[in-house]
Amino acid sequence: MPSQDERSPVDDGVPTEIQPVEVRDLKTRVSDDLGEVSKAAKDAAQTATQKIQDTVAEQTDFAAHQVGGISTALQKVGAELESSDQAQVGRYAKQIGESVAVLAKKMEGRDLREIASMAEDFGRKQPLAFLGVAALAGLAASRFLTASAIRKSSPSAPGKMQASTDFQLSSTAGTSGGPHNG
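The sequence shown: position 50 = 50 (full-length UniProt numbering), numbered continuously.
Following this line, the structure appears as structure tokens:
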């Protein structure tokens with residue numbers, strides 16, 4: 001029985017000294033190629049992972065920027081309300097805006113799990129501010145969706161008019177002495 005040193009890198013049970021040189025060279029090249037393919041796959045996976053992390057980081061920074069914009073808007077509204085006849089509401093709006101600004105600054109450079117945890121904490125510590133931000137986000141989303149729906153339906157507006165005209169015609173047809181009324 002040959003010793004471990006006499007066996008080929010791919011242990012097929014045939015001692016190395018018995019194998020032809022070409023077979024040993026082929027096995028060595030295949031082994032090297034497999035190593036290179038494995039390294040290339042690992043490098044590609046690392047590159048893809050890094051790109052995903054970069055994209056997520058960009059999106060969280062964008063979200064932090066948007067939350068900062070909401071806080072600025074709340075503070076401006078609060079200042080305007082304070083100078084009008086609704087000073088108490090204005091103070092609340094400014095306080096909410098300041099709290100949201102702190103949250104926005106803390107969001108920068110964080111990953112999604114940290115941001116979700118921060119949002120939960122913010123909701124527990126500042127429920128009024130959290131509800132206010134949620135209401136504003138809902139209002140913004142509904143305005144966005146409404147604007148999108150109007151833009152999509154604008155080219156087909158004549159079709160809409162036709163549909164409503166058809167409905168009016170069909171609803172009056174039954175009462176105008178048609179076949180149903182004898």
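Where is the CB? At the ideal position from N, CA and C, for every residue including glycine.
Problem - Contact belief for Ala87 with Leu74 at Cβ below 8 Å, rounded distance in angstroms - result: Wrong, their Cβ atoms sit about 16 Å apart, outside the cutoff.
Problem - Where Gly138 sits in the DSSP three-state scheme - result: Gly138 sits in a helix when the DSSP states are folded into three classes.
Handout entry: Neighbour-count burial assignment, residue 253, 16 or more Cβ in a 10 Å radius
Key = In this structure the chain extends from 1 to 182, so residue 253 is not present and cannot be described.
Exercise for the section: Please confirm if the stretch 49 to 57 is in contact with the stretch 97 to 104, defined as three or more CB-CB distances below 8 Å between the two stretches. Expected result: With a cut-off of 8 Å, the stretch 97 to 104 and the stretch 49 to 57 do not count as touching, because too few Cβ pairs lie within range.
Handout entry: Buried versus exposed, by CB contacts within 10 Å (16 or more), Gly78
Key = That one is buried.
Handout entry: CB of residue 236 within 8 Å of CB of Met107, strictly
Key = No answer is possible for residue 236: it lies beyond the span of the chain, which begins at 1 and ends at 182.
Handout entry: Nearest-angstrom Cβ-Cβ length linking Gly138 and Phe130, presumed shorter than 8 Å
Key = That pair is no contact at about 12 Å.
Exercise for the section: Tell me whether Asp84 is buried or exposed, calling it buried when 16 or more other Cβ atoms sit within 10 Å of its Cβ. Expected result: For clarity, residue 84 is Ser in the given sequence; the question names Asp instead. Under this definition Ser84 is an exposed residue.
Exercise for the section: Could you tell me the distance, in whole angstroms, from the CA atom of Gly69 to the CA atom of Ala44? Expected result: Gly69 and Ala44 have their C-alpha atoms some 37 Å from each other.
Exercise for the section: Tell me whether the beta-carbon of Ile96 lies closer than 8 Å to the beta-carbon of Leu145. Expected result: No, Cβ-Cβ distance for Ile96 and Leu145 is not below 8 Å.
Exercise for the section: Using the Cα positions of Arg113 and Gln46, report the straight-line distance between them to the nearest angstrom. Expected result: So the two alpha carbons sit approximately 21 Å from each other.
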